[in-house]
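> So the sequences go chain by chain: A and B.
According to my numbering, the first sequence is numbered sequentially starting from 10.
According to my numbering, the second sequence is numbered sequentially starting from 10.
Protein chains: 2
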Amino acid sequence: MKKEPTGSTLSLAILGLIAQAPCSGYDVRKVFATTPMGHFSASPGAIYPALKRLEKDGLIGGTVDRAQTLRPRQVYSLTAKGRKALCDVLVRPVRREDVIWHMDQLMLRFVFIGNTLGRKATCDFLKEFVREVEAYVVELQGHMGRFPPDTPPYARLGLQHGLHSYRMNAQWARRALRGLQEGSEGDKGAEA
Amino acid sequence: MKKEPTGSTLSLAILGLIAQAPCSGYDVRKVFATTPMGHFSASPGAIYPALKRLEKDGLIGGTVDRAQTLRPRQVYSLTAKGRKALCDVLVRPVRREDVIWHMDQLMLRFVFIGNTLGRKATCDFLKEFVREVEAYVVELQGHMGRFPPDTPPYARLGLQHGLHSYRMNAQWARRALRGLQEGSEGDKGAEA
DNA sequence: AATTTCATGTAACCAGTTACATGATTCA
DNA sequence: TGAATCATGTAACTGGTTACATGAAATT
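So, in structure tokens, the structure goes:
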């Protein structure tokens with residue numbers, strides 16, 4: 010079985026960033042350090058090896074900017090293969106395990122789908138997202154019902170937190186969906 | 010600088026579990042596989058090495074159960090040192106980085122504080138939690154305000170998600186706090 | 001002149017993943 | 001008898017962490 014090239018969430022984040030504008034490693038670090046993308050590590054020990062991997066897999070290509078000067082920089086941009094790989098990840102169906110273990114990755118995908126595939130694809134994604142999240146909420150409610158009545162309140166409250174959290178996710182998605190659908194009769198989708 | 014013995018979230022989860030009742034590796038796996046604790050990996054490649062680490066650090070002690078039989082099991086229980094280490098983690102102040110990067114760990118701590126240190130400590134924890142979460146909400150709102158007006162809606166919606174998420178966290182904590190505080194005066198009243 | 005920022009990296013370490021492996025026991 | 005479950009582990013791999021290292025350019 011061939012290994013998926015964009016394995017980790019960090020790789021996806023970097024790939025998506027570069028898709029929007031060519032970046033150097035330092036640029037990527039700055040974005041992670043100063044924007045809400047700060048949920049990702051900006052440490053050089055994470056960024057530079059990740060860039061190397063993506064380059065080795067042929068998903069991004071680096072060209073040396075300011076070559077002659079004493080302070081050159083590697084600027085990476087997406088290759089055709091990279092764009093293809095990114096799209097493949099973005100249109101992948103939303104699975105139960107994703108909502109349980111990789112919510113952050115799903116949020117990344119949401120933003121990147123919007124920016125690169127346009128409104129329709131985003132709406133499709135959101136519908137799948139809502140479906141899976143709501144299914145998981147039902148599962149959690151089941152757990153809640155199966156707590157023996159003498160359980161100390163803390164475990165119950167902890168589970169409450171999970172429930173609220175996922176309900177909120179579904180609600181956010183439904184709202185976003187409404188917003189995108191009504192605000193879009195005029196449609197300005199993205200391009201290739 | 011001495012390394013913290015309960016480094017990873019998984020280690021904390023295991024330690025907390027064993028604190029409530031002695032467990033074998035298999036027991037731990039079952040809990041992770043069948044309860045809302047399923048956010049942690051139940052794979053043997055994660056559990057057994059983690060148990061070894063905890064044992065090596067002297068935080069848990071294993072005794073062989075059903076020794077003579079052909080299917081013995083290692084049952085681990087907390088050592089005094091382990092209980093101390095657990096408490097140290099639990100009463101550690103809630104820092105900004107925790108709410109950004111280790112929310113799952115904070116939720117674990119919440120439940121374990123309740124079960125092992127009681128109501129007062131839990132309330133203190135929740136107060137700190139609310140404080141840090143709300144501070145972070147303000148920070149995120151700042152980001153939102155600084156979006157240039159021509160930003161495509163998707164990034165904005167992504168940030169929305171984060172905002173809602175953290176607001177919900179704060180709200181959950183405030184509710185839990187109210188519930189615990191009033192439930193303690195009458196001493197019996199569960200919250201609605 | 002000193003500090004900060006730009007810019008790129010490496011090395012040792014740690015922990016989790018997947019997949020594999022073994023063998024007893026219980027139950028259909 | 002064969003499947004599921006009990007019970008414990010290992011090995012190779014992956015990727016992220018911390019800390020270290022280098023040096024030019026811009027700013028104060």
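Heads up, the beta-carbon is just placed ideally off N, CA and C, and yes, glycines get one too.
Taking the alpha-carbon positions, what's the B:Thr72 to B:Val120 distance?
Looking at the two C-alpha atoms, the distance is approximately 27 Å.
> At 4 residues or longer, and completely inside the segment 84-157 of chain B: list those alpha helix (DSSP H) runs for me, N to C.
Complete alpha helix (DSSP H) runs here, min 4: 89-100, 105-110, 112-126, 128-155.
> For B:Tyr163, is the classification buried or exposed, using 16 other Cβ atoms within 10 angstroms of its Cβ as the cut-off for buried?
That one is buried.
> Would you call the segment 16-33 of chain A in contact with the segment 59-67 of chain A, where contact means no fewer than 3 C-beta pairs closer than 8 Å?
Short answer: they touch.
> Grab the span of the alpha helix (DSSP H) containing A:Gly207 for me, first residue to last.
Only positions 10 to 201 of chain A appear in this structure, which leaves residue 207 of chain A out of reach.
> Assuming A:Ala161 and B:Asn124 form a contact by the criterion Cβ under 8 Å, report the distance between their Cβ atoms to the nearest whole angstrom.
This sequence places Pro at residue 161 of chain A; Ala is not what is there. Right, the Cβ-Cβ distance comes to about 6 Å (below 8 Å), so this counts as a contact.
> Is A:Ser174 buried or exposed, if buried means 16 or more other CB atoms sit within 10 Å of its CB?
So A:Ser174 counts as buried.
> Indicate the three-state DSSP secondary structure (helix, strand or coil) for B:Gly54 in the structure shown.
Three-state result, B:Gly54: helix.
> With a threshold of 9 Å between beta carbons, is B:Gly198 in contact with chain A?
Residue placement at B:Gly198 is flagged as unreliable, the pLDDT there being 39, under the threshold of 50; the coordinate-derived value follows with that caveat. Not an interface residue.
> Where do the ends of the beta strand (DSSP E) carrying B:Gly70 lie?
Segment 69-74, the beta strand (DSSP E) holding B:Gly70.
> What did DSSP end up calling A:Ala22 once you bin it into helix, strand or coil?
Helix, per DSSP.
> Considering only C-alpha positions, which residue in the set A:Leu68, A:Asn178, A:Thr78 is nearest to A:Leu115?
Among A:Leu68, A:Asn178, A:Thr78, the Cα nearest to that of A:Leu115 is on A:Asn178.
> Below 8 Å on the Cβ atoms is my contact criterion, and I expect B:Gly171 with B:Leu149 to pass it. Report the Cβ-Cβ distance as a whole number of Å.
With a Cβ gap of about 6 Å, B:Gly171 and B:Leu149 count as contacting.
> May I ask you to report which of helix, strand or coil DSSP gives A:Arg80?
In the structure shown, A:Arg80 sits in coil (DSSP, three-state: anything other than H, G, I, E or B).
> I'd like to know if B:Ser86 contacts chain A, where contact means its C-beta is closer than 9 Å to some C-beta of that chain.
It does not: the Cβ of B:Ser86 has no partner Cβ on chain A nearer than 9 Å.
> Give a yes or no on whether the C-beta atoms belonging to B:Ser33 and B:Phe41 are separated by under 9 Å.
For B:Ser33 and B:Phe41, no; Cβs fall outside 9 Å.
> Use the C-beta contact count for A:Tyr85: other C-beta atoms within 10 angstroms, 16 or more gives buried, fewer gives exposed.
Under this definition A:Tyr85 is a buried residue.
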